[in-house]
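The block underneath contains the structure these notes are about, expressed in structure tokens.
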Amino acid sequence: MTMKGQETRGFQSEVKQLLHLMIHSLYSNKEIFLRELISNASDAADKLRFRALSTPDLYQGDGDLRVRVSVDKEQRTLTLSDNGIGMTRDEVIENLGTIAKSGTKSFLESLGSDQAKDSQLIGQFGVGFYSAFIVADKVSVRTRAAGASADEGVFWESAGEGEYTVADITLEDRGTEITLHLREGEDEFLDAWRVRSIISKYSDHIALPVEIESHNEEDDTTSWEKINKAQALWTRNKSDISEEEYKEFYKHVSHDFADPLTWSHNRVEGKQEYTSLLYIPTQAPFDMWNRDHKHGLKLYVQRVFIMDDAEQFMPNYLRFVRGLIDSSDLPLNVSREILQDSRITQSLRNALSKRALQMLEKVAKDDEEKYQQFWQQFGLVLKEGPAEDSSNGETIAKLLRFASTSGEGSAQTVSLEDYVSRMVEGQEKIYYITADSYAAAKSSPHLELFRKKGIEVLLLSDRIDEWMMSYLTEFDGKQFQSVSKADDELSKLADEEGSEEQKEAEKALEPFVERVKTLLGDRVKEVRLTHRLTDTPAIVTTEANDMSTQMAKLFAAAGQAVPEVKYLFELNPDHALVKRAADTQDDARFAEWVELLLDQAMFAERGTLEDPNQFIRRMNQLLLG
């Protein structure tokens, strides 16, 4: 190869330090250099297509654009070539001599906005080319610009150590050829099958054909074999894609063996242009609650794979959603692996969140049994939604499911819409109770009044429920009300059937109530009589604005300081044990009865006692008379 006008030039920046930083820190895995170089080749093809619209002669009789990859094990080289737009000597110096100087970006700026929108250009930054130095200790480039003569070819070479060589050469073919002289230890990239698998992984859906050199040992001939499909499934018309194809593609992107529950393929045009293909899995991954669990969507830009698990496009409470987004105008950082925090990203996140929720709404409407299957797998995750996404609060609330007093067990759940439709005449609030288990919630003494009145109560027993309810304050104009909290509505319900005899009985027990107050002092917030109970002698409740028992347990489980919860001690004046305590004149005996009733109420509310042995001793002593 004859070279003329050879010169050695320094990079126009502190390239040695920048290359070292990029090679060792910027990219998370080595193999993506192939993605970057193939993306650059795709850019070169797109540029040529644009210019050829006005200057068809640029094709010079070769309009079948492609990128070719070949491996030479003896020379330890990996070569990528394209027949795209190519570069002049000045363009080589400008684009390859400066870190973060991108010919693609300059080309975009030179186009009108309408053309740029359709140009399908990927390389918004100039760092991609230098990713070759991740695996190569020397990179050689031969290039000739479209429309230039054969003797206007350009040679460029660098070891990435701060300078490069550039020279004029004769080059018969238009386009660019990049040869990577691989470092020791990078032998995997000399394996044609390994290279083929990487290209399939990252560039399978690029529109430009990617061909690999294939050698036939029988007749000692070589040929070029296309590796990639060159048409992405999500870019095809939905009517042309079968259910089986959608299911198989899901297994490809999710590495799941089961079929998806449902999916949504959506193409958006206008201010923002993107295609999304979202899937709801049938079953939860085993590590869904692991802090290191990877989730998010696959990100493509113009059908080129950019990154797995792009969390920026889906809120945490929808982390079970799988699939991809393919965008044409998404801003990326220099490595294309970390998305910039931008309005475009946020807008896409909002749109995709709505789309995922609409998918769930459709399943819930069309197939309740199928939705119950989803709820059993992912309901706990979705319960994070009211706190994380207030803008979609109403939609999320409709998707929530709860066990209730109208059901036969914890697996039988109801929606809030079902609950509201069954509210009794005069009922103003949605009643619920939180407890450590379904059994504890179902048997709570707080429910006695509601059973008597025929009012349905939601039974919440997941640890997240108390936290969720602090954000889920109303539905369909109805406020939520915990039945373990003191409330005027509850008092009205309990006093509806109050008779004159009942009022006289309460008046007669006023000295008893004062006696209990004196005994317990500031251990309780208040002592009062209640008609909420039928079979239980006493309960404890909290004021509407005070911390609930379940919230205090959450604080304790998280290792946080728990404020003292002061309870209201409510006694059932119709219960035989309360009457016996009221009739007891001996102060010591009276104290034992009151302490026993308080312990029972606390045990039912909290599930534990500070001194269970004392409770047992007191109960045994009173049983013995």
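Numbering (the UniProt record's numbering), first residue to last: 1 to 625.
Ideal Cβ positions, reconstructed from N, Cα and C, are used throughout, including at glycine.
Keep in mind it's a predicted model, so treat the numbers as computed, not measured.
Contact between the segment 137-154 and the segment 83-97: three or more CB pairs below 8 Å? The segment 137-154 is in contact with the segment 83-97.
Extract the residue ranges of the alpha helix (DSSP H) inside the segment 426-494, only unbroken runs of 4 or more that lie entirely within it. Along the segment 426-494, the alpha helix (DSSP H) occurs as fully enclosed runs of 4 or more residues at 438-442, 448-453, 465-469, listed in sequence order.
One question on the structure: do A44 and G128 come within less than 8 Å of each other, judged by their Cβ atoms? In this structure, A44 keeps its C-beta atom at 8 Å or more from the C-beta atom of G128.
Please classify R617 as buried or exposed, where buried requires at least 16 neighbouring CB atoms within 10 angstroms. So R617 counts as exposed.
If you compare alpha carbons, which of M359, V210, E408, G97 is closest to K398? Measuring from the Cα of K398, the nearest candidate turns out to be M359.
I want to know whether the segment 463-478 touches the segment 438-448 - three or more CB-CB distances under 8 Å. Result no; under three Cβ-Cβ pairs closer than 8 Å.
If you measure from the beta carbon of A148 to each beta carbon in chain C, is any gap under 8 Å? In the structure shown, chain C does not exist; there is a single protein chain.
What are the boundary residues of the alpha helix (DSSP H) that includes D366? Looking at the DSSP string, the run of the alpha helix (DSSP H) that includes D366 is 343-366.
For Y250, which residues from the same chain have a beta carbon less than 6 Å from its beta carbon, with the 5 sequence-adjacent residues on both sides left out? Taking Y250 as the centre and dropping the five residues before and after it, the same chain places the C-beta of P260, Y279 closer than 6 Å to its C-beta, in chain order.
Could you give the uninterrupted runs of the beta strand (DSSP E) lying entirely in the segment 500-541, keeping only those of 3 residues or more? Runs found: 526-529, 538-541.
Please look up how many angstroms separate the CB atoms of R401 and V414, rounded, as I've assumed it's under 8 Å. Between R401 and V414 a beta carbon distance of about 7 Å is seen, short of the 8 Å cut, so the two are scored as contacting.
Using DSSP bridges, identify the partner residues of I325. Paired residues: S276, L299.
Starting from Q621, trace the alpha helix (DSSP H) in both directions and tell me its first and last residue. Q621 -> alpha helix (DSSP H) spans 612-623.
Enumerate in chain order the residues of its own chain whose CB-to-CB distance from W593 is below 8 Å, with the five nearest sequence positions on each side excluded. Spatial neighbours of W593 in its own chain (CB-CB distance under 8 Å, excluding positions within 5 residues in sequence) are listed in chain order as L577, R580, A581, T584, L622.
Assuming T165 is part of the beta strand (DSSP E), what are its boundary residues? Where T165 is concerned, the enclosing beta strand (DSSP E) stretches over 163-169.
Taking 7 Å as the cut-off, is the C-beta of R196 nearer than that to any heavy atom in the ligand ATP? No copy of the ligand ATP occurs in the structure displayed, which carries no ligand at all.
What are the boundary residues of the beta strand (DSSP E) that I38 is part of? Bounds of any beta strand (DSSP E) do not take in I38; it lies within the alpha helix (DSSP H) bounded by 32-54.
Give every residue of the same chain whose Cβ lies closer than 6 Å to the Cβ of residue 628, excluding the five residues on either side of it in the sequence, and list them in chain order. For the chain, the structure presents residues 1 to 625; residue 628 sits outside this window and is missing.
Helix, strand or coil at W375 [DSSP, three-state]: Correct three-state label for W375: helix.
Nearest-angstrom Cα distance between S335 and H255? For S335, the pLDDT reaches just 46, beneath the cut-off of 50, and the residue's location in the model is therefore unreliable, leaving the point undetermined.
Considering only the beta carbon of each residue, do V527 and V513 sit closer than 8 Å? It is a contact, given that the beta carbons lie within the stated cut-off.
Please state the DSSP three-state secondary structure of Q6. DSSP places Q6 in strand when its eight states are reduced to three.
Inter-stretch contact at 8 Å, needing at least 3 Cβ pairs: the segment 179-193 / the segment 164-171: The segment 179-193 is not in contact with the segment 164-171.
Selected residue, minimal CA-CA separation from Q550, among G559, Q6, D151, S484: The candidate whose alpha carbon is nearest that of Q550 is S484.
E605 - DSSP class collapsed to helix/strand/coil: The answer is helix: DSSP assigns E605 an H, G or I state.
With C-beta atoms as the reference, is L568 less than 8 Å away from K525? Judged by beta-carbon spacing, K525 lies within the 8 Å limit of L568, meaning their Cβ atoms are closer than that value.
Thinking just about the alpha-carbon of each residue, which of L596, D574, V565 is nearest to the one in R606? Out of L596, D574, V565, V565 has the C-alpha closest to the C-alpha of R606.
Residues near K238 by beta carbon distance below 8 Å, same chain, minus five either side: Excluding five sequence positions before and after K238, the CB atoms of its chain that fall closer than 8 Å to its own CB belong to H265, given in chain order.
Y274 and I206 - do their beta-carbons sit closer together than 8 Å? Taking the C-beta atoms as reference points, Y274 is found no nearer than 8 Å to I206.
Just how far apart, CA to CA, sit E510 and M602? About 23 Å.
L80 and A136 look like a contact to me (Cβ under 8 Å); what is the Cβ gap, rounded to whole Å? About 12 Å separates the beta carbons of L80 and A136, which is beyond the 8 Å limit, so they are not a contact pair.
For R336, which of helix, strand or coil comes out of DSSP? With a pLDDT of only 46 at R336, under 50, the local geometry of the prediction cannot be trusted, and the value read off the model is given with reservation. If DSSP states are grouped into helix, strand and coil, R336 belongs with coil.
Nearest to I227 by CA position, among W289, W193, E177, is which residue? Comparing Cα-Cα distances from I227 to each of W289, W193, E177, the minimum goes to W193.
Residues of its chain near F555, where Cβ-Cβ distance is below 7 Å and the 5 sequence neighbours each way are ignored: Excluding sequence neighbours, F555 sits near V562.
Of the residues T77, G407, Q272, which one's Cα is nearest the Cα of I344? Answer by Cα proximity: Q272.
By the 10 Å Cβ neighbour count, where 16 or more other Cβ atoms means buried, how is G296 classified, buried or exposed? By the 10 Å Cβ count, G296 comes out buried.
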